[in-house]
Amino acid sequence: MIGPAPLHSEIARGPEGGAAWWLRTSDGVRIRLGLWPKAGAKGTVFLLPGRTEYVEKYGPAAAAFAARGYAMLAVDWRGQGLADRPAHDPMQGDIVHFDDYQRDFDAVLAAATELDLPRPWVILGHSMGGAIGLRRVMEEHPFAACAFSAPMWAIGLPRLIQPIGPTVARLLRASPLATHYPPGFSRKSYVPSAPFADNKLTTDAEMWAFMLTHLQAVPALALAGPSYRWVCEGILECAALDALPSPDLPCYCALGGNERIVATHWVRARMNRWPKGRLEIFEGAEHELMMESPARQARFYDACTALFDTVR
Numbered sequence: 001m002i003g004p005a006p007l008h009s010e011i012a013r014g015p016e017g018g019a020a021w022w023l024r025t026s027d028g029v030r031i032r033l034g035l036w037p038k039a040g041a042k043g044t045v046f047l048l049p050g051r052t053e054y055v056e057k058y059g060p061a062a063a064a065f066a067a068r069g070y071a072m073l074a075v076d077w078r079g080q081g082l083a084d085r086p087a088h089d090p091m092q093g094d095i096v097h098f099d100d101y102q103r104d105f106d107a108v109l110a111a112a113t114e115l116d117l118p119r120p121w122v123i124l125g126h127s128m129g130g131a132i133g134l135r136r137v138m139e140e141h142p143f144a145a146c147a148f149s150a151p152m153w154a155i156g157l158p159r160l161i162q163p164i165g166p167t168v169a170r171l172l173r174a175s176p177l178a179t180h181y182p183p184g185f186s187r188k189s190y191v192p193s194a195p196f197a198d199n200k201l202t203t204d205a206e207m208w209a210f211m212l213t214h215l216q217a218v219p220a221l222a223l224a225g226p227s228y229r230w231v232c233e234g235i236l237e238c239a240a241l242d243a244l245p246s247p248d249l250p251c252y253c254a255l256g257g258n259e260r261i262v263a264t265h266w267v268r269a270r271m272n273r274w275p276k277g278r279l280e281i282f283e284g285a286e287h288e289l290m291m292e293s294p295a296r297q298a299r300f301y302d303a304c305t306a307l308f309d310t311v312r
């Protein structure tokens, strides 16, 4: 850890006692760690956010886990939130290599060890954080269980392109188009520019307003579309993960029944070959179960902690 970082508690709605630190990765990138401790905690949830997300968005999740007996941390991955961003376009979601996120994870683990956070440690990965978390638990790791919300275990591609997706990705990621926006994406952040009606994130108007308020209060948290390079790196990482067996670890995974952002076929396929895994579908829900209605949120957090409680 390299020092205290800002935590916008007034918009985060997290439990009392939250704090943030700057971390430095092995390749010199500055990222941000947010922590909400819990006195007498049963363990610590490592919440791994998705692309475009940031620590403050998960204040309510920290409150939900605190009410269930757990401390929680979240991270601003490189390129988003208040972490270091691409110099060529700070609004663009870009990554040079997908395993650079594992450098970020290494820094988070080092900080968690330094802070002596309560164990057992468990993972909760959302969307892109689901890919980062899956890679970690497929290798050497300190986690006792994992949970996933709409994990990005494949990049949705048109059916005709799917068989050659990795080949195209290898060619395109080093091309002059690498740092351009793909069709359909731009420097506009999704939440401030999309209407609530038929949005792809949540059916709950209050949680939509919660996310919008963040970006109005702290515009520096906003992130827009991905680069071609990010998409290519995501395709290649998901293909590599798909070729590996599921880890010998208890797992709970949830998808919204109206999921329109991640490729659900690959999530179902992975969970079908995860011996200690369980998949649950939340009918009518969108991509972000932790930003859905209070009833759906409670159901999700209850399922996560029911699993986490078994590995204490």
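The sequence shown begins at 1 in UniProt numbering and counts up by one. We treat Cβ as the ideally placed atom computed from N, Cα and C, and that holds for glycine. Since this is a predicted model, take the numbers as computed values, not measurements.
Extent of the continuous alpha helix (DSSP H) to which T305 belongs: That run of the alpha helix (DSSP H) goes 294-309.
Distance between beta carbons of A20 and L33, contact taken as under 8 Å: Right, the Cβ-Cβ distance comes to about 6 Å (below 8 Å), so this counts as a contact.
Three-state secondary structure assigned by DSSP to L48: It is a strand residue.
Under the three-state DSSP convention, the category R103 falls into: Looking at R103 - three-state DSSP - the assignment turns out to be helix.
Residue interval of the beta strand (DSSP E) (run including M72): Run containing M72: 71-76, per the beta strand (DSSP E) assignment.
Exposure of H88, with buried meaning 16 or more beta-carbon neighbours within 10 Å: H88 should be labelled exposed.
Three-state secondary structure (DSSP) of I235: Three-state result, I235: helix.
Proximity to A178 [Cα-Cα], best of D242, S189, Q92: A178 has its Cα closest to that of Q92, out of D242, S189, Q92.
8 Å contact criterion, which A285 and T203 should meet: CB distance rounded: Indeed they touch by this definition, with Cβ atoms about 7 Å apart.
Terminal residues of the beta strand (DSSP E) in which E280 lies: Looking at the DSSP string, the run of the beta strand (DSSP E) that includes E280 is 277-282.
Stretch pair the segment 134-147 + the segment 207-217: three plus CB contacts closer than 8 Å: Verdict: no, contact absent.
As assigned by DSSP and simplified to three states, the class of V191: In the structure shown, V191 falls within a helical segment according to DSSP collapsed to helix, strand and coil.
Assigned secondary structure, I123 (DSSP; H/G/I helix, E/B strand, else coil): I123: strand per DSSP, three-state reduction.
For I31, the first and last residue of its enclosing beta strand (DSSP E): Per DSSP, the continuous beta strand (DSSP E) segment holding I31 begins and ends at 30-36.
Reduced DSSP secondary structure (H/G/I, E/B, other) of R98: A quick correction: the sequence has Phe, not Arg, at residue 98. In this structure, DSSP gives F98 a state outside helix and strand, which the three-state scheme calls coil.
CB of A63 within 8 Å of CB of R13, strictly: If you check the CB distance, A63 and R13 come in under 8 Å.
Cβ distance (whole Å) where residue 314 is taken to contact V108 below 8 Å: This structure cannot speak to residue 314, because the chain is shown only from 1 to 312.
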